[in-house]
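Residue numbers (full-length UniProt numbering): 494 to 775.
C-beta atoms are modelled at their ideal positions from N, C-alpha and C, and glycine is treated no differently.
From a predicted model like this one, the values you see are computed outputs, not experimental measurements.
Worksheet: one structure, shown below.
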Amino acid sequence: AKAAGRDRYALFDPAMYAEILREADDRAELERALADEEFVVHYQPIVDLPTSRLIGVEALVRWQHPVRGLVGPNAFIPLAESTGLIVPLGRWVLRQACQQLAQWCAEFPESAGRIRMNVNLSARQFQHEGLVEEVGQILAETGIDPHQMVLEITESLLMQDTDSTIETLGRLKSLGVRLAIDDFGTGYSSLSYLKRFPVDILKIDRSFVDGIDTENGDATLAEAVVQLGRALQLQTVAEGIETQEQWSTLQDLGCEFGQGYLFAKPGAAEAISSILGGARSE
Ligand code: C2E
Ligand code: CA
Ligand code: CA
Ligand code: CA
């Protein structure tokens, strides 16, 4: 009886209880935010490296919190993942991004008709049964050209469950969308392994780009990743380019596209509108 008492006491450990309450609280807060549409999507330009011309954007979600201000995704995506709220949140981001692209295409048909909209898919979303239908439905309702849509999935997701993963990737591809492997180089996948996946684009993780101009870092790792992309006949996008040196080294290595603070930080849709509008009057 004493042992049972101790066990029961352990269940009501105040610190653990507080933690559970806080998590339930955070979850409720996130759910409320979703219902109240407190999220906003920012867009970061993706450019052609030789010319730095805009070739696309990546949609990145933020939480416009009534008290805390603009909150970045690293502060809430993990909880959204663990609670499953990432499924409705991710669907909202996808719809928002497609509506935005449709609006740009209507406003700036010449420039916007050529750009890509990249949207992140989390592992949980990817495993969600209705994903492919939802993507198809959002494409249909917004009327955007599926070829302009790029879905970004992480390398670690690909390494989890290959059979059903390949099937889902194939079904997404047959909608006409393009697929990118995000954070590439961090998951140790082998060349033969990668060949099995019907992907189109590799996004080279920022850590390799960072390495280019650090002291004992050389460009060897970045070079290897770019060459792997080439060998697989995939397009390569380098992430997190912050310096001129990284930009020129990546060009020398043959990387086609890039993204990073050197070109532009993620920002509200209006910032992209003015680039697209400017391109029209050139
Ligand atoms: P990610 O997909 O790897 O996105 C790139 C992140 O790098 C973004 O951070 C972007 O702002 C940041 N970044 C871009 N250029 C630079 C640079 O030059 N230097 C540095 N230091 N950082 C740069 P952000 O917006 O905070 O997003 C963080 C992560 O949150 C994303 O990483 C992605 O994994 C996740 N995320 C964002 N939006 C969504 C979404 O709608 N759905 C899902 N599932 N995940 C999302
Ligand atoms: Ca991404
Ligand atoms: Ca990334
Ligand atoms: Ca990342």
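(1) For a quick check, are the C-beta atoms of N611 and A573 less than 9 Å apart?
(2) What I want to know is whether the C-beta of E574 ends up closer than 8 Å to one or more non-hydrogen atoms of ligand 3.
(3) Go through its chain and collect everything with a Cβ distance to G722's Cβ below 6 Å, but skip five positions before and after it.
(4) Is the beta carbon of G747 closer than 9 Å to that of Q719?
(5) To test your reading of the DSSP string, which unbroken beta strand (DSSP E) runs of 3 or more residues are found completely within the stretch 561-642?
(6) Can you find a heavy atom of ligand 1 that lies under 8 Å from the Cβ of V670?
(7) May I ask you to check if the CB of E648 is nearer than 8 Å to at least one heavy atom of ligand 1?
(8) Any chance the CB of P759 is under 8 Å from a heavy atom of ligand 1?
(9) Mind checking whether the beta-carbon of A508 lies closer than 8 Å to any heavy atom of ligand 1?
(10) DSSP three-state call for K495: helix, strand or coil?
(11) Give the DSSP-derived three-state secondary structure of A764 in the structure shown.
(12) DSSP beta-bridge partners for W556?
(13) For ligand 2, is there a heavy atom less than 8 Å away from the beta-carbon of K696?
(14) Please go through the stretch 646-687 and give each complete beta strand (DSSP E) segment of 3 or more residues, from N-terminal end onward.
(15) Would the beta-carbon of D706 fall within 9 Å of that of Q653?
(16) On the DSSP letters alone, give me the boundaries of the alpha helix (DSSP H) that Q744 sits inside.
Per the coordinate set shown:
(1) no
(2) no
(3) L695, T729
(4) One point to set straight first is that residue 719 is Val, not Gln, in the sequence displayed. Against a cut-off of 9 Å, the Cβ pair of G747 and V719 comes out as a contact.
(5) 562-564, 609-613
(6) no
(7) no
(8) Result yes, Cβ under 8 Å from ligand 1.
(9) no
(10) Reliability fails at K495, whose pLDDT of 48 lies under 50, so the model's placement of it is uncertain and the value that follows must be treated cautiously. Three-state result, K495: helix.
(11) helix
(12) F532, V564
(13) yes
(14) 671-677
(15) no
(16) 737-746
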